[in-house]
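Since the structure comes first, as structure tokens, the remarks are kept for the end.
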Amino acid sequence: MALSLKGVILVGGPSVGTRFRPLSMDCPKPLFPIAGVAMIHHHVSSLAKTPGMREILLIGFFENAVFDRFITEVSIEFPHLSIRHVRDARPHDTRHPPPRVPLVPPPPTPYLREYQSLGTGGGVYHFRDEILRGAPNAFFVLNGDIASSFPLNEMLLAHRNKKALATVMGIRVDKSKAHRYGCIVADADSRVIHFVEKPQSFISDLISCGVYLLSSDVFGYFQKAIQVRRDTEAELGLQSDQLANMSIYSSNAVLNSRSEERLQLEQDVLRVLATEKVLFAFEASSHKDFWMAVKHGSSAIPANRKYLQYFMQAQPRRLSEPVLLSPGKRLSFANSPAVTTPSVMSPAAMSPSTRDHPELIAPVYIHPSAIIHPSAKIGPNVSIGPR
1 MALSLKGVIL VGGPSVGTRF RPLSMDCPKP LFPIAGVAMI HHHVSSLAKT PGMREILLIG
61 FFENAVFDRF ITEVSIEFPH LSIRHVRDAR PHDTRHPPPR VPLVPPPPTP YLREYQSLGT
121 GGGVYHFRDE ILRGAPNAFF VLNGDIASSF PLNEMLLAHR NKKALATVMG IRVDKSKAHR
181 YGCIVADADS RVIHFVEKPQ SFISDLISCG VYLLSSDVFG YFQKAIQVRR DTEAELGLQS
241 DQLANMSIYS SNAVLNSRSE ERLQLEQDVL RVLATEKVLF AFEASSHKDF WMAVKHGSSA
301 IPANRKYLQY FMQAQPRRLS EPVLLSPGKR LSFANSPAVT TPSVMSPAAM SPSTRDHPEL
361 IAPVYIHPSA IIHPSAKIGP NVSIGPR
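Counting from 1, position 324 in the sequence shown corresponds to residue 324 in full-length UniProt numbering; the numbering is continuous, with no gaps.
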């Protein structure tokens, strides 16, 4: 039987990307350009190259029109992917879920809009019918605000070899920084025995990357996470609207949000999966792969650098040089047949000593539509987008 996969990218909404301001004032955070393309284009590109990938869904609560142009461009670039859209603006009560009836195929766009922020797990659970449509074997879930080499093929292989229900991608970080992230404790067989989101003391230097591979029958464990939250609600004597924005494992904060479906993948669902011993960890290579969170505006520059450095080693034809030997090597753009040459300005009066072509210091990405002055010196770690 042929493998069938789907991809889910969690893009959030305008009220949750405030730490990325002012860069997100005019451009939504998921579409902010990093290394020459929209931030989530790297996610889409990696998912599209995964064997068996049939569909990629964007889940968030931006207005639908925000992603129209991006969706059109991605659809042209990756025509083998099935693309659909559904919008549900009615809250669902998980105690009395709506009847599951066949849905009429909606208009062609992969953006699924939440009626409000449901949390990283709540959005996935809310659109479970759309994810399960077509009976995929499994589906990837990627947080939209990360930059990574996305070794999804290796992760898929590990998931299938372990016959896992759920797999989380992890990577090793410096012990002094591990407490900033979700920490994974796994046994010798890569089975996760403990998961703690942002622990107060050191647990492990293996952290969650916000990349998950879930088999299609995982939603029963989402329901278990909801039940745990309800039990916690009953024990603490809290109303559902008081508990909605809290982790099911903590009771030190009461926030304002009304949603029976609000769940966090990290704090809630992963811990249930770990407790049930059905969660495995795939450890990305600290030498070959890279990962970083893109939470603040200042993260865009190091994320751009990491992508360009990674492309220089793994995908050199994505850059503006045909052969990249080492950082700091000076190359003339005229000697770059691997990419479409951007326009070069040619002033009528130019000094004879002026160079005929701009000088690049690898790695550099220049969009084909960009206009570059022949006296320009660009790089290293520079991206120039479309005109």
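Idealized CB from N, CA, C, for every residue including glycine.
> If you drop the 5 nearest sequence neighbours on each side, which residues of the same chain put their C-beta closer than 6 Å to that of V168?
Replying inline: Answer for V168: S208, Y212 and A281, listed in chain order.
>> If I follow the unbroken beta strand (DSSP E) through G379, where does it start and stop?
In response: Segment: none, G379 is in no beta strand (DSSP E) and carries neither H nor E.
>> So the candidates are S82, I59, E63 and D68; which of them puts its Cα closest to the Cα of L5?
In response: Of the listed residues, the one whose Cα sits closest to L5 is S82.
> What is the residue span of the beta strand (DSSP E) that I9 lies within?
Replying inline: L5 to G12
> Quick one: what's got a C-beta closer than 7 Å to V218's C-beta in the same chain, skipping five residues either side?
Replying inline: L165 and A166
>> For the beta strand (DSSP E) containing G210, name the first residue and the last one.
In response: Residues L206 to S215.
> Count the other CB atoms within 10 Å of the CB of A178; is the residue buried (16 or more) or exposed (fewer)?
Replying inline: Counting the other CB atoms within 10 Å of its CB gives A178 a total of 16 or more, which places it among the buried residues.
> How about G13 and G60: do their beta carbons lie closer than 8 Å?
Replying inline: Yes, the Cβ-Cβ distance between G13 and G60 is below 8 Å.
> Within 10 angstroms of its Cβ, does T72 collect 16 or more other Cβ (buried), or is it exposed?
Replying inline: exposed
> If you drop the 5 nearest sequence neighbours on each side, which residues of the same chain put their C-beta closer than 7 Å to that of P199?
Replying inline: H179 and C183
> Between the beta-carbon of F202 and the beta-carbon of K175, is there less than 8 Å?
Replying inline: yes
>> Under 8 Å: do the region 121 to 135 and the region 286 to 298 share three or more Cβ pairs, one atom per stretch?
In response: no
> Going by alpha carbons, who is nearest to D289 out of Q264, Q267, Q315 and V269?
Replying inline: Q315
> Should E77 go down as buried or exposed, given a rule of 16 or more other Cβ atoms within 10 Å for buried?
Replying inline: exposed
>> Please report the distance separating the alpha-carbon of N304 from that of E197.
In response: 27 Å
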